[in-house]
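Written out below as structure tokens is the structure these notes cover.
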Amino acid sequence: MQKTYAEIYRAWKDDHTRHWAEAARAIDWFTPPDAIFDERQGVYGRWFPDATGNTCHNCVDRHIAAGRGDQVALIYDSPVTGRKAIYSYDDLLSNVSAMAAVLLDHGVEKGDRVILYMPMIPEAVFAMLACARIGAIHSVVFGGFAASELATRIDDSSAKLVVSASCGVEPNRVVAYKPLLDAAIALARHKPARCLVLQRPELTAELDPARDVDLGPALAAARGRTVPCADLAATDPLYILYTSGTTGQPKGVIRDNGGHMVALAWTMRALYGVEPGEVYWAASDIGWVVGHSYIVYAPLLNGSTTVLYEGKPVGTPDAGAFWRVVEEYRVSVLFTAPTAFRAIRKEDPEGVLVKRYDLSSLRALFLAGERADPDTVRWAEAVLGVPVIDHWWQTETGWAIVGNPLGLDRLPVKHGSPTVPMPGYELHVLDDAGHAVAPGTLGNIAIKLPLPPGCLPTFWNADARFREACLSEFPGYYKTADAGYVDEDGYVFIMSRTDDIINVAGHRLSTGAMEEICASHRDVAECAVIGVTDALKGQIPVGFLVLKSGVSRESSEVEQEVVAMVRERIGPVAAFKTAICVKRLPKTRSGKILRGTMQKIADGQDWTMPATIDDPVILDEIAEALSERRIC
Numbered sequence: 001m002q003k004t005y006a007e008i009y010r011a012w013k014d015d016h017t018r019h020w021a022e023a024a025r026a027i028d029w030f031t032p033p034d035a036i037f038d039e040r041q042g043v044y045g046r047w048f049p050d051a052t053g054n055t056c057h058n059c060v061d062r063h064i065a066a067g068r069g070d071q072v073a074l075i076y077d078s079p080v081t082g083r084k085a086i087y088s089y090d091d092l093l094s095n096v097s098a099m100a101a102v103l104l105d106h107g108v109e110k111g112d113r114v115i116l117y118m119p120m121i122p123e124a125v126f127a128m129l130a131c132a133r134i135g136a137i138h139s140v141v142f143g144g145f146a147a148s149e150l151a152t153r154i155d156d157s158s159a160k161l162v163v164s165a166s167c168g169v170e171p172n173r174v175v176a177y178k179p180l181l182d183a184a185i186a187l188a189r190h191k192p193a194r195c196l197v198l199q200r201p202e203l204t205a206e207l208d209p210a211r212d213v214d215l216g217p218a219l220a221a222a223r224g225r226t227v228p229c230a231d232l233a234a235t236d237p238l239y240i241l242y243t244s245g246t247t248g249q250p251k252g253v254i255r256d257n258g259g260h261m262v263a264l265a266w267t268m269r270a271l272y273g274v275e276p277g278e279v280y281w282a283a284s285d286i287g288w289v290v291g292h293s294y295i296v297y298a299p300l301l302n303g304s305t306t307v308l309y310e311g312k313p314v315g316t317p318d319a320g321a322f323w324r325v326v327e328e329y330r331v332s333v334l335f336t337a338p339t340a341f342r343a344i345r346k347e348d349p350e351g352v353l354v355k356r357y358d359l360s361s362l363r364a365l366f367l368a369g370e371r372a373d374p375d376t377v378r379w380a381e382a383v384l385g386v387p388v389i390d391h392w393w394q395t396e397t398g399w400a401i402v403g404n405p406l407g408l409d410r411l412p413v414k415h416g417s418p419t420v421p422m423p424g425y426e427l428h429v430l431d432d433a434g435h436a437v438a439p440g441t442l443g444n445i446a447i448k449l450p451l452p453p454g455c456l457p458t459f460w461n462a463d464a465r466f467r468e469a470c471l472s473e474f475p476g477y478y479k480t481a482d483a484g485y486v487d488e489d490g491y492v493f494i495m496s497r498t499d500d501i502i503n504v505a506g507h508r509l510s511t512g513a514m515e516e517i518c519a520s521h522r523d524v525a526e527c528a529v530i531g532v533t534d535a536l537k538g539q540i541p542v543g544f545l546v547l548k549s550g551v552s553r554e555s556s557e558v559e560q561e562v563v564a565m566v567r568e569r570i571g572p573v574a575a576f577k578t579a580i581c582v583k584r585l586p587k588t589r590s591g592k593i594l595r596g597t598m599q600k601i602a603d604g605q606d607w608t609m610p611a612t613i614d615d616p617v618i619l620d621e622i623a624e625a626l627s628e629r630r631i632c
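Numbering (our numbering), first residue to last: 1 to 632.
Structure below.
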């Protein structure tokens, strides 16, 4: 008889290692684990420290060995180019082996870092799995990301090689990647030895014969070659994923091979309720952790079929794009960000387009990446007629901290809550002094150590920084930097960030990073950037600029230049479109800028005059400036 969530969570709390030892049996190990957890290794301990295996083997080869090579593994659908492709597990192995052979031919070895600067095309998935196959460590960077941001990632990872494409294709434009890549390498202190560039029909890039390789012919020449899976320690890194918006020191989240496989394989059945052979679609991007975990690795570990979609929820061609994909490929479970559904709802508020498609295959919709507001959840429930399940996790964890386990015994939904902690996570809500608070009381959400398998063991080459940023404030806990509360029933409510990270359409972006750029403008004396609630994107950044004395230029010119600077250095993903020149910023007597109060004014929330404010009149000036721009 299948156990309930409550039984499984209780059993995990009683014996952490037994739970994960049982989950590890779903993985095909080269050397099975004897030790499950060693608290003496790493920053807070390591999972499966004596085991060896290979992620690519578990994603591809073992399904073929089990006689399922002709099952569909990957569906590629690109409404922006009109191209579609279906790859069986046999096809996947052939393409991954060819990509691995090309990497080896160009000197990539176990432990080397490979930057993938790619659009949402099959070759990006092949490259990720090829790195996993030979033991190279991949780091995916959003295709089209700003050159300066790409440069910091090249430097921090000391990437030996970059795999890229000539361009990305958007609904109304083609984005040239190669000039951005060239500019990034020019900026970077570390110079990759080679760049493998896939030429796309929409735009051909000019290649540097001394460094660049045309990837298409190289892959064609490597067809049919056999590349064995490297025997890797479970603790060896699989990938580095840099969190969005870092303009200073990059923060490279590491994912290991063993714990990652165990955790993701467990979630596909227990959390998402997906069986091998079913079609699972994470409508995300491989540049996000969602794309790593649930476009590429988890569905393939589970022996399911995954969808790679090069398009948008609206505009490719309309707000029925998602429903067309669900119908055409008989998708069982869809996972996307609330932003996507807000965009669909804006274009099709009555759900008229939903009725044009056969969605009988769809069992559930999962939402994550930002807070799923109750109105959006209720709308999705009404138009789809299936469970809509919010769940909460982070780049650092790699899988859900809090969720509603569809594969076990789906719990009652409370709108506004992602439901309950998953086995592996013991959540505590703490005050700023580290003391537990009562149910219903807002506080810092922290996870008792050790973190479960699949979570980051540390930052890339930055153990001390990891300890300082995540473990030092609340000893014995991982600090999520999210604020919220737990109600009397144990349901978790995530309310806001506790630091300067805002969530723009699922992208975690640092307002501090944006402030650095604003402050670098020659006419700006000081600045503040806050996240303002936006009906479509969740939050958008708004910058406040105080100009230097004696600046005679029109403030609108400076505002436009600052916006352009942020978009150039961080990229359009920042959605930074509004900068406002003000006479001064509201501060405490000690000089701290009152960003929280400014944000409440912008969001139209109730606020009280801070007792420590230096000059109360300034807040009135801020409110007037926001009103003039129709922000509050």
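Built from N, CA and C at the ideal position, the CB exists for glycine as well. Quantities reported herein were computed from a predicted structural model and do not represent experimental measurements.
The alpha-carbon of Asp256 is positioned some 15 angstroms away from that of Cys59. With respect to the C-alpha of Arg113, the residue from Ala100, Ser158 and Met99 having the closest C-alpha is Ser158. Ranked by how close their Cα comes to the Cα of Met514, the residues Ala65, Ala574, Arg595 and Arg410 have Ala574 in first place. In the DSSP assignment, His16 falls within the unbroken alpha helix (DSSP H) covering His16 to Ala23.
Short of 7 angstroms from the beta carbon of Pro32, and not among the five residues preceding or following it, lie these beta carbons of its own chain, in chain order: Ala51. Val331 has its alpha-carbon roughly 23 angstroms from the corresponding atom of Gly67. In this structure, the beta-carbon distance from Trp29 to Gly53 falls below 7 angstroms. In terms of CA proximity to Ala210, Cys195 leads the group Asp156, Lys537 and Cys195. For Asn95, the enclosing alpha helix (DSSP H) stretches over residues Tyr89 to Asp105. Nearest to Ala184 by C-alpha distance, out of Ala623, Thr4, Glu568 and Ile601, is Glu568. Nearest neighbour of Gly443 by Cα position, chosen from Leu427, Pro450 and Pro457, turns out to be Leu427. For Cys527, the three-state secondary structure derived from DSSP is strand. Distance from Cys518 to Val566 at the Cβ level is roughly 7 angstroms; contact confirmed, criterion being Cβ atoms closer than 8 angstroms. Going by beta carbons, Gly259 and Trp12 fall outside the 7 angstroms limit.
With contacts defined as CB atoms closer than 7 angstroms, Arg200 and Ser166 qualify as a contacting pair. Distance from His190 to Ile154 at the Cβ level is roughly 6 angstroms; contact confirmed, criterion being Cβ atoms closer than 8 angstroms. When rounded, the separation of the alpha-carbon atoms in Val169 and Thr81 is 7 angstroms. By the criterion of at least three beta-carbon pairs nearer than 8 angstroms, the region 477–496 is not in contact with the region 278–298.
Excluding sequence positions up to five before and after Arg629, its CB lies within less than 7 angstroms of the CB of Thr578 and Ile580, all in the same chain and listed in chain order.
Under DSSP, Arg83 shares a beta bridge with Ser78. Taking the Cα positions, Ala220 is about 51 angstroms away from Arg522. Scanning its chain for C-beta atoms nearer than 6 angstroms, with the 5 sequence neighbours on each side dropped, one finds around Ala263 the residues Trp399, Pro453 and Gly454, in chain order.
A Cβ-Cβ separation of about 7 angstroms places Arg371 in contact with Gly538 under the 8 angstroms criterion. Closest in alpha carbon position to Glu202, among Thr226, Ala193 and Arg173, is Arg173.
Rounded to the nearest angstrom, the gap between the Cα atoms of Arg225 and Gly144 is 32 angstroms. DSSP places Arg363 in the coil class of the three-state scheme, outside both helix and strand. Looking only at Asp463, His415, Glu473 and Arg410, the smallest Cα-Cα distance to Gly434 is reached by Glu473. The count of Cβ pairs closer than 8 angstroms, one atom from the region 459–477 and one from the region 403–414, stays below three, leaving the stretches out of contact. Rounded to the nearest whole angstrom, the CA to CA distance from Ser88 to Arg269 is 21 angstroms. The beta carbons of Val197 and Ala205 sit closer together than 7 angstroms. In this structure, DSSP gives Lys600 a helical state, which the three-state scheme calls helix.
Spanning the alpha carbons of Val420 and Asn404 requires a straight line of approximately 7 angstroms. Setting aside the 5 residues that flank it on each side, Phe466 is surrounded in the same chain by Val43, Thr458 and Phe459, each with a C-beta closer than 7 angstroms to its C-beta; the list follows chain order. Of all C-beta pairs linking the region 384–400 to the region 301–312, fewer than three are shorter than 8 angstroms, placing the two stretches out of contact. Sequence-distant Cβ neighbours of Arg378 in its own chain, meaning closer than 7 angstroms and more than five residues away, are His415. Nearest neighbour of Gly543 by Cα position, chosen from Tyr478, Tyr477 and Ile631, turns out to be Ile631.
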